[in-house]
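Read through the structure below, which is laid out as structure tokens, and then see the notes.
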Amino acid sequence: METFTAIGLNSGTSRDGIDLALLETDGHSIVRPLARAEQPYTADQRELLAEACAVAITRKLPDHNDVTEAAERMVTALHVDFVKAFLRDSGLEPETIDVIGFHGHTIAHRPEFNWSWQIGSGRIMADEMRITVVDDFRGADVKAGGQGAPLTPVYHRALAARLPKPALILNLGGVANISWVGRDNSLIAFDCGMANALIDDWMLKHFGVAYDADGQKAREGRVVKLIFEDMIDNPWFDLPPPKSLEREHFASARVDWMDPLDGVATLTAFSAAGVAMAMKHLPELPTDIWAAGGGRHNATLLAMIEAGTGIPVRNVDELGWNGDALEAEAFAYMAVRAMKYDPISFPGTTGVPDEMAGGVIHRV
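Going left to right, the sequence shown walks through residues 0 to 363 as numbering that gives the first Met the number 0 numbers them.
Here is the structure:
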């Protein structure tokens, strides 16, 4: 089957930066990761994204103002410049790239209103790069009544082809989500709670660093049981899948008064509890949980997940995958599927009525 060389770009809800992946794929079973790069956001860039999110979450429709327009211009320019630099540094010519999957940055996710707002212009990127670009991966899904997330399970299923079934891949980005692949290759996927977002916000506010390296600070603190139990007593966790979550759904206000170490310990326990509570929504438990995303570097978080689920938690890097690149790789993979009009969302992943293709193609 014909393969394509694709670039995938992801700017996650943790607001840490842009991930880029270069992938050779047929959009089905052939998956060959070729390269990866990342570019962190500066403090000022993260602040502008946070301001745009604060504006967008108040809207009932995507409706730009000066802040969101400035954020979109920034996101587009940063991604374009990053791709140009990557190609230059890799000795690659633009014409060797068949397609770019450009997710953009989510500033509001409102499936209850049938929209999800990602900023970043695929049209501008295509014109600047002279490469076909696919963006707006979530729009068709939410308009059809789906949750618009998670989308990466179609790629996880391709990667997991040789794993014992059922297989479970846990992505620990800003938000946590799981992809469950059944013995018959069926897919169940859903967001299950927070992962790094609240922890990272807390670490920046109280310790002046972007994240809790290896979960060290959480290990030094104690989980305040009364606050923890109040946080997990939320009806969202009992909702059956499919379901999705945006970064701002849960807030850390309940722990604001706490000792900084106890606060990060309690937030870490909260993230782990979301994964543990998600297990009740699966038809069959896996023998292992394969962890991807930045949260897999947090040993305290992984230990809490393992304790809460009773299932060994392992790093996807053990499989030869790059756990920091999977989301960017997924958007490269889905861009190829979009070019072939193959589905990227399914009733078992987003709750869309029928499996459906997604993405808007900007040709040159």
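Every residue, glycine too, gets a C-beta built ideally from N, C-alpha and C. Here the structure is a predicted model, which means the values were calculated and not measured.
Asked: Just grab the DSSP bridge partners of L8 for me.; Found: L19, F101
Asked: How far does the alpha helix (DSSP H) with L266 in it extend, from its first residue to its last?; Found: 259-277
Asked: Taking the beta carbon of V315 as the centre, do at least 16 other beta carbons fall within 10 Å, making it buried, or is it exposed?; Found: buried
Asked: Select from D341, P342, A275 the residue whose C-alpha is nearest the C-alpha of I310.; Found: A275
Asked: From which residue to which residue does the beta strand (DSSP E) around E37 run?; Found: 30-39
Asked: Comparing C-alpha positions only, which one of L19, F101, L266, V132 sits nearest to T299?; Found: L266
Asked: Is the segment 152-159 close to the segment 233-251, with three or more CB pairs under 8 angstroms?; Found: no
Asked: Taking only the alpha-carbon atoms, compute the straight-line gap between D88 and L197 and give it to the nearest angstrom.; Found: 35 angstroms
Asked: Could you spell out the range, first to last residue, of the beta strand (DSSP E) harbouring D213?; Found: Premise fails: D213 is in no beta strand (DSSP E) and is neither H nor E.
Asked: On a Cα-Cα basis, can you pick out the residue from A268, S185, V208 that is closest to G220?; Found: A268
Asked: Return the first residue and the last residue of the beta strand (DSSP E) that L325 is part of.; Found: Counting along the chain, L325 falls outside any beta strand (DSSP E), though it belongs to the alpha helix (DSSP H) covering 325-338.
Asked: Under the assumption that M193 contacts G273 (Cβ atoms under 8 angstroms), give the Cβ distance between them as a whole number of angstroms.; Found: 6 angstroms
Asked: Helix, strand or coil for R137? Go by DSSP, reduced to three states.; Found: coil
Asked: For the segment 0-13 against the segment 102-109, are there 3 or more C-beta pairs whose distance is under 8 angstroms?; Found: yes
Asked: Hey, is the segment 145-154 in contact with the segment 343-359, meaning 3+ C-beta pairs nearer than 8 angstroms?; Found: yes
Asked: For G207, count neighbouring C-beta atoms within 10 Å of its own C-beta (all shown protein chains included) and say buried if the count is 16 or more, exposed if not.; Found: exposed
Asked: Helix, strand or coil for I226? Go by DSSP, reduced to three states.; Found: helix
Asked: Expressed to the nearest angstrom, what Euclidean distance is found between the alpha-carbon atoms of M278 and L284?; Found: 7 angstroms
Asked: Distance check for I123 and L19, CA to CA, integer angstroms please.; Found: 18 angstroms
Asked: Quick check: what's the CA-CA separation for D211 versus A42?; Found: 17 angstroms
Asked: Going by DSSP, what residues sit across from S178 in a beta bridge?; Found: I168, A188
Asked: Quick one: measure Cβ to Cβ for V222 and A250, integer angstroms, because I've assumed they're closer than 8 angstroms.; Found: Not a contact, Cβ separation roughly 18 angstroms.
Asked: Classify M73 as buried or exposed, calling it buried when 16 or more other Cβ atoms lie within 10 Å of its own Cβ.; Found: buried
Asked: Using C-beta distances below 6 angstroms, list every residue in its chain close to E139, excluding the 5 sequence neighbours before and after it, in chain order.; Found: The displayed chain sequence assigns Ala, not Glu, to residue 139. G357.
Asked: In the DSSP assignment, the beta strand (DSSP E) including V312 goes from what residue to what residue?; Found: 312-314
Asked: Rounded to the nearest angstrom, what separates H296 and V363 at their Cα positions?; Found: 40 angstroms
Asked: Please name the residue in V141, L77, G307, C191 whose C-alpha comes closest to that of I343.; Found: V141
Asked: According to the Cβ coordinates, are C188 and W289 closer than 9 angstroms?; Found: For the sequence presented, residue 188 should be read as Ala rather than Cys. Taking 9 angstroms as the Cβ cut-off, A188 and W289 do not qualify as a contacting pair.
Asked: Between E260 and K216, is the Cβ-Cβ spacing less than 9 angstroms?; Found: Inspection of the sequence shows that residue 260 is occupied by Leu rather than by Glu. Yes.
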